[in-house]
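Under our numbering, residues 2 to 121 are what the sequence shown spells out, in order. We treat Cβ as the ideally placed atom computed from N, Cα and C, and that holds for glycine. Working notes, beginning with the structure itself.
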Amino acid sequence: MGIPTLKINCGWSENELAMSKDIAIQAAEMLAAAGQKIYPSPRKLRRRPGDSRNGTARMGRDPKTSVLNEHNQAHDAKNLFMTDGACMVSSSCVNPSLTYMALTARACDFAVSELKKNNL
Numbered sequence: 002m003g004i005p006t007l008k009i010n011c012g013w014s015e016n017e018l019a020m021s022k023d024i025a026i027q028a029a030e031m032l033a034a035a036g037q038k039i040y041p042s043p044r045k046l047r048r049r050p051g052d053s054r055n056g057t058a059r060m061g062r063d064p065k066t067s068v069l070n071e072h073n074q075a076h077d078a079k080n081l082f083m084t085d086g087a088c089m090v091s092s093s094c095v096n097p098s099l100t101y102m103a104l105t106a107r108a109c110d111f112a113v114s115e116l117k118k119n120n121l
């Protein structure tokens, strides 16, 4: 009787937790070897599966408050472009794939023009 209700049981497995910890350690080691500060410090995975990671490399004009410029280019590494959800501080409830594609196209166009000028 009534409408069936979907029930979902979702969580991190021991293997996923171990991989996450290893990823954080390796990333911290690579950043330290490159002379970079580690912020935020590696920590245990506490997010729910499926949560997004938006805003981890914010886009903005000021290198003191953002990681990327308006072309998705890192302020501190001119040959690094990040065109995923990291540049966006929030997301809606719809699939952002077309937005990522547009960000990538714009970043590529800028990178090509900068390469032609020998700025990269």
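Suppose you measure from the CA of residue i to the CA of residue j; what does that come to, to the nearest Å?
i            : j              : result
proline 97   : asparagine 120 : 30 Å
arginine 62  : valine 68      : 9 Å
arginine 59  : leucine 104    : 13 Å
serine 21    : alanine 28     : 10 Å
threonine 57 : glycine 3      : 43 Å
lysine 79    : glutamate 71   : 13 Å
proline 64   : histidine 76   : 6 Å
glycine 12   : methionine 89  : 26 Å
threonine 66 : alanine 34     : 23 Å
aspartate 23 : glutamate 30   : 11 Å
Between residue i and residue j, which are expected to be in contact by the criterion C-beta below 8 Å, what is the C-beta distance as a whole number of angstroms?
i                : j             : result
phenylalanine 82 : alanine 112   : 6 Å
alanine 87       : asparagine 55 : 7 Å
Let me know if residue i comes out buried or exposed under the rule of 16 or more other beta-carbons within 10 Å of its beta-carbon.
i              : result
threonine 84   : buried
asparagine 16  : exposed
alanine 108    : buried
methionine 102 : exposed
With DSSP collapsed to three states, give me the class of residue i.
i           : result
leucine 81  : coil
alanine 58  : coil
alanine 75  : strand
leucine 121 : coil
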